[in-house]
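Okay, structure first, notes after.
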Amino acid sequence: MLMKLLSSMWKGLASLGNLITAPVAATARAQGSARLLLWLIHILAIVGILVGLWWLNDYLELEKSVRFPSAFVRSCWLPILFLLGYLLGWQVWWMMRLLRQRSTTSPYPDLDQAWSEATDQLMRNGVSLADEPLFLVLGQTEAGDSAFCSAAGLSLAQPPTPRGVDAPLRIWADDRGVFVSFRNASLLGLQASRLQDMARAAAEANPKQMVVPGDDSGAAPVFADFLSEGDEKVAMMPATQRKLDNSTSESEETVVDETESNLALAFAEPSETAKMRAAQEAEAKATVDISKEEVDESLDRLDYVIDLIRHVRAPYCPHNGVIVLVPKNATENLAIAQQTAVLMQHDLQQVRRASEISAPVTAIFCDAEEMSGCDELLRRFPEEHRRRRFGAELPNVPAADFSNIKEILHRGVQWVNRSLASALAYRIYAQREMFHGDQQREIESNRMLYRFMSSLDRRSDAILRILTRGLYPEHHGDWIPSGWYLAATGSDPLTEQGFLPGVMTQVFSAQNYVSWTEDARRRDRMRNWLTLFGYAGLAIAVLVLLIIAIVRL
118 MLMKLLSSMW KGLASLGNLI TAPVAATARA QGSARLLLWL IHILAIVGIL
168 VGLWWLNDYL ELEKSVRFPS AFVRSCWLPI LFLLGYLLGW QVWWMMRLLR
218 QRSTTSPYPD LDQAWSEATD QLMRNGVSLA DEPLFLVLGQ TEAGDSAFCS
268 AAGLSLAQPP TPRGVDAPLR IWADDRGVFV SFRNASLLGL QASRLQDMAR
318 AAAEANPKQM VVPGDDSGAA PVFADFLSEG DEKVAMMPAT QRKLDNSTSE
368 SEETVVDETE SNLALAFAEP SETAKMRAAQ EAEAKATVDI SKEEVDESLD
418 RLDYVIDLIR HVRAPYCPHN GVIVLVPKNA TENLAIAQQT AVLMQHDLQQ
468 VRRASEISAP VTAIFCDAEE MSGCDELLRR FPEEHRRRRF GAELPNVPAA
518 DFSNIKEILH RGVQWVNRSL ASALAYRIYA QREMFHGDQQ REIESNRMLY
568 RFMSSLDRRS DAILRILTRG LYPEHHGDWI PSGWYLAATG SDPLTEQGFL
618 PGVMTQVFSA QNYVSWTEDA RRRDRMRNWL TLFGYAGLAI AVLVLLIIAI
668 VRL
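In this text, residue positions in the sequence shown follow the numbering used here: the first is 118, and each later residue adds one.
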C-alpha cells in the first residue's frame, strides 16, 4: 500500500515537472532545423520578457520598495527574479533527466557487457546505431547467428558480436541495416535454447537406427500413393501426368500448371499409416518447462535491452521491424506450437510496450535443413531458386475480416505446404524414363523429396496454431504481420541454406512501415499542447508588459 502511494506521488510530481518544464524540454529535444527555430523563438521570447519586466519594474517604481545597496539590482528586480525562475526550470529538467536514467548498478551486468562490446565494435567499424535501420531478432536458430547471416546472404560490416557461445545478445550489421538478436533476453530465445537441449538429450538417449528403404511400411512417406505404381517400389508420377501429348494446342506453361495442380491434389491426403506414425512422434515430444519467475525475468531483460536501444536512438523510432525465428522443434506437435504462440505473443507485446512502436513482424520457420529430405531438395535446387522466398505474405489486419482470419491463414498454410511444395518438388522430380547413372540413387532422391513434403505437411496444424495465436491475438492491431516463410539456416551453403535471402529483401523493403503507438502519440500531443500553452503564456505576458510600458510612456 505504501509503495503504491509513493508511486502515485512520484507520478504526480513527474507530471507537475513536465508541465513546468514543457517549453524547456521541447527546446532541448528538438532536432535539425526545428531545433534552430525553437531556440530562436525561445531567445526572442526571453529577451521580450526581460524588457517587459524591466519596464514594469520601472512603472511600479519597485526601486523605491526594494531595499538593496546596488541601484542596478533595484532597477532590474523583476527581470532578475524571472532569470532565477528560468534557470530553476532548466535545473529541474536536468534533475528529472538524471532521475530517469538507469541506475549505476545494472540489474543485468551480462547484458550491459555484451551491449558495450557490440556497440563499441560498431563504432570502430563506422556503423551508426542511431542512423541505420534497426531490426529486432527474437529467438535463435540451431546453427547459430553466423550461419543465419550466411544463409541470409548478408554482406556483413560487422559479424555477430560478441562471439562467445553464452552471449545473451548479439549485434551484427551490413550495409542495409543493424540487427539485434535477443538470444538470452526473450522468451522465444529461452524456449529455443531449451528445445535444443531436449533434442540433444533425446538423441543421446535414443540414437537413430539405420532403416533400409522399403523394409518398414510404417517408414513410407506420408503421401504413399505416389509409391504404389510400378515395380521395385520405384517412385514415379501417375500415368495421366506422365503422358503429355505434345500435339495438343495448349501451351507448355498451361500443361505444366495443370500437371502441378494435379500433383498438389494427389498430395492432399496422407496415408493412415503415416498419420499414425506422425501422431506417435508428436506424443513423444514434450513442452518446455518455463516457470513464472523465468517468464517475468525474460520479459524484464527484453525491456531492458529495448531501453538501451531507445536511449541510443532517441528521438527516432527504436526499431524498424521484428524478425521472429521459430525453430523446427517448435512445430513438432500442437502442444509445443501452442506454447510457442503464447511466448511469441508475450514477447511481441513487451516489444510494443517498451518501444512504443507498431512495426512489421516477419515469422521465419527456421532449421528447415533438419527436416527429412530438405537437404536433397536444396541440393537439387538451382542457387538462384534457393534465394527466393518459400512461404506467403500475411493479410493486413485492418483490411482483413478478422472473424475469418483463421480460415484465411488455414488456406494460406495449406497452399504453401501442399500446393507450392508439391509443385516445387515436381519441377526437380526424376521420372523413370529420365533416370541416368545410378538408378537407385535417383529413386532414393525421389523418396527424400516425398519425405520432405510429408514432414512439412505434418507441421501444417502447428504452423497454423503459431500464426493464429501468436501473430493474430484477440487484441489484434498491436503489430503488423508481414509474412511467414520457411528457411534453411544451417552451416553448409549447398545442402543446409536456402529460401532466406528473398525474405531479408522483403524485411528491408518494409522498414518504413512503422508508426508510434496511440499511447506515444497521445503523450506527444500533450507535450506539444503544453509547449504551445507555455509559449502562448509568455507571448501574452510580453504583450501585456509592452502595453503597460507604452501607457506608462
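For every residue, glycine included, the Cβ atom is placed at its ideal position computed from N, Cα and C.
Since the model is a prediction, treat every value here as computed from it, not as a measurement.
Residues near residue i in its chain [Cβ-Cβ closer than 7 Å; skip 5 each side]
| i | result |
| --- | --- |
| Leu239 | Leu246, Gln275, Ile288 and Ala290 |
| Glu635 | none |
| Cys193 | Trp171 and Asn174 |
| Leu603 | Phe482, Ala485, Phe507, Gly508 and Phe616 |
| Leu581 | Leu526, His527 and Val530 |
6 Å Cβ shell around residue i - same chain, five flanking residues per side excluded
| i | result |
| --- | --- |
| Leu307 | Ser415 |
| Asp262 | Pro277, Arg287 and Ser298 |
| Asp332 | Bear in mind that a pLDDT of 39 at Asp332, under 50, signals an unreliable position, so the model cannot answer this. |
| Pro477 | Gly438, Ile597, Ser599, Ala627 and Tyr630 |
Own chain residues within Cβ distance below 8 Å of residue i, not counting five before or after
| i | result |
| --- | --- |
| Leu286 | Leu228, Ala231, Trp232, Ala235, Val297, Ser298, Phe299, Arg300, Asn301, Ala302 and Val422 |
| Ile158 | Tyr652 |
Reference residue i; option with closest CA among the options
| i | options | result |
| --- | --- | --- |
| Gly529 | Arg642, Thr585, Glu411 and Gly165 | Thr585 |
| Phe507 | Ala480, Ser608, Ile160 and Ala447 | Ala480 |
| Asp314 | Asp595, Val405, Pro598 and Leu647 | Val405 |
| Arg280 | Ala264, Phe199, Leu271 and Val624 | Ala264 |
| Pro499 | Tyr630, Val295 and Leu611 | Leu611 |
| Asp283 | Ser310, Arg293, Leu271 and Ser272 | Ser310 |
| Arg293 | Gln628, Lys445, Leu660 and Arg638 | Gln628 |
| Gly607 | Pro435, Leu655 and Cys266 | Cys266 |
| Val659 | Ala476, Ser572 and Ala162 | Ala162 |
| Arg430 | Trp156, Arg418 and Phe252 | Phe252 |
| Ser536 | Asn521, Leu511 and Asp574 | Asp574 |
| Ile453 | Ala579, Ala637 and Val295 | Ala579 |
| Leu312 | Phe189, Asn242, Leu215 and Lys445 | Lys445 |
| Leu442 | Asp464, Arg427, Glu501 and Glu180 | Asp464 |
Element boundaries [alpha helix (DSSP H), containing residue i]
| i | result |
| --- | --- |
| Thr404 | Here Thr404 belongs to no alpha helix (DSSP H), and DSSP marks it neither H nor E. |
| Leu442 | Not the alpha helix (DSSP H): Leu442 falls in the beta strand (DSSP E), residues Val439 to Val443. |
| Ala269 | Asp262 to Ala269 |
| Glu510 | Run containing Glu510: none in the alpha helix (DSSP H); it sits in the beta strand (DSSP E), Gly508 to Glu510. |
| Trp289 | Counting along the chain, Trp289 falls outside any alpha helix (DSSP H), though it belongs to the beta strand (DSSP E) covering Arg287 to Asp291. |
| Gln257 | Taken as a continuous stretch (DSSP letters only), Gln257 belongs to no alpha helix (DSSP H), as it is neither H nor E. |
| Pro618 | Pro618 to Ser626 |
| Ala309 | Leu304 to Ala322 |
| Val459 | Leu451 to Ser472 |
| Ala542 | Ala538 to Ile545 |
Rounded separation between residue i and residue j - CA only
| i | j | result |
| --- | --- | --- |
| Arg576 | Asn450 | 7 Å |
| Asp248 | Arg504 | 28 Å |
| Leu647 | Val620 | 44 Å |
| Pro250 | Asn437 | 6 Å |
| Gln473 | Glu524 | The sequence as given places Glu at residue 473; Gln does not occur at that position. Each residue's alpha carbon lies about 30 Å from the other. |
| Leu305 | Ile166 | 57 Å |
| Leu649 | Ile667 | 27 Å |
| Ile197 | Tyr203 | 10 Å |
| Gln208 | Leu200 | 12 Å |
| Gln623 | Leu271 | 13 Å |
| Leu177 | Tyr433 | 48 Å |
| Ser223 | Arg496 | 48 Å |
| Gly490 | Arg564 | 8 Å |
| Asn513 | Leu655 | 47 Å |
| Ser632 | Leu273 | 28 Å |
| Gln257 | Pro598 | 19 Å |
| Asp609 | Asp424 | 36 Å |
| Pro435 | Ile560 | 52 Å |
| Ser562 | Asp492 | 10 Å |
| Asn534 | Asp237 | 43 Å |
| Tyr225 | Arg418 | 7 Å |
Buried or exposed by the 16-neighbour rule on C-beta atoms within 10 Å, applied to residue i
| i | result |
| --- | --- |
| Glu375 | Since pLDDT at Glu375 reaches only 42, below the 50 mark, its modelled position is unreliable, and the value read off the structure follows with that caveat. Per the 10 Å Cβ criterion, exposed. |
| Asp641 | exposed |
| Tyr589 | buried |
| Ile657 | exposed |
| Asn323 | exposed |
| Gln462 | buried |
| Leu662 | buried |
| Ile160 | exposed |
| Met212 | exposed |
| Phe569 | buried |
| Gly169 | buried |
| Tyr567 | buried |
| Tyr546 | buried |
Contact with chain D by residue i, beta-carbon distance below 7 Å
| i | result |
| --- | --- |
| Thr457 | The structure shown contains no chain D; it holds only a single protein chain. |
Proximity test, residue i beta-carbon vs the ligand COA heavy atom, cut-off 6 Å
| i | result |
| --- | --- |
| Ala318 | In the structure on display, the ligand COA does not appear, and there are no ligands present to speak of. |
Endpoints, beta strand (DSSP E) assigned at residue i
| i | result |
| --- | --- |
| Ser599 | Ile597 to Leu603 |
| Thr278 | Leu273 to Thr278 |
| Phe296 | Gly294 to Phe299 |
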